[in-house]
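End of the sequence shown sits at 259 in my numbering; the numbers just go up one at a time, nothing left out.
As structure tokens, the structure follows; a few thoughts come after it.
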Amino acid sequence: MLYFGIAVLRLPSQAKLPDVQAAAEILIRGLDAAEVAGKLWIIRGEQFLEYRVISEDAI
Numbered sequence: 201m202l203y204f205g206i207a208v209l210r211l212p213s214q215a216k217l218p219d220v221q222a223a224a225e226i227l228i229r230g231l232d233a234a235e236v237a238g239k240l241w242i243i244r245g246e247q248f249l250e251y252r253v254i255s256e257d258a259i
């Protein structure tokens with residue numbers, strides 16, 4: 201079963217508009233380059249972390 205993907209923007213505690221814009225730009229570049237379906241993306245600063253669901257067959 202394929203799950204919808206989740207993208208999380210981790211912003212500083214006192215985030216300003218430029219912080220949100222930078223994170224959104226990273227997210228947009230990621231969406232242009234790859235599919236988020238079945239994955240968890242975490243965008244924090246300039247970091248882009250991707251987690252995938254491991255199938256039960258692989259365990």
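From the three backbone atoms N, C-alpha and C, an ideal C-beta is built for every residue, glycine too.
None of the values given here were measured: they were computed from a predicted structure.
**Message:** Along the chain, where does the alpha helix (DSSP H) containing V220 start, and where does it finish?
**Reply:** Counted from its first residue, the sequence shown places residue 220 at position 20. Note, V220: alpha helix (DSSP H), 217-233.
**Prompt:** In whole angstroms, what is the alpha-carbon distance linking R229 and S213?
**Reply:** Translated into the one-based positions of the sequence shown, residue 229 becomes position 29. Translated into the one-based positions of the sequence shown, residue 213 becomes position 13. If I take the Cα positions, the gap works out to 24 angstroms.
**Through-space distance from A207 to E246, alpha-carbon basis** = On the sequence shown, residue 246 is found 46 positions in, with the first residue counted as 1. On the sequence shown, residue 207 is found 7 positions in, with the first residue counted as 1. E246 and A207: Cα-Cα distance of roughly 15 angstroms.
**Request:** Keeping to the same chain, check which residues put their C-beta closer than 7 angstroms to that of A223; ignore five residues upstream and five downstream.
**Result:** Taking the sequence shown and counting its residues from 1, the one referred to as residue 223 is at position 23. Around A223: L209, L211, I243.
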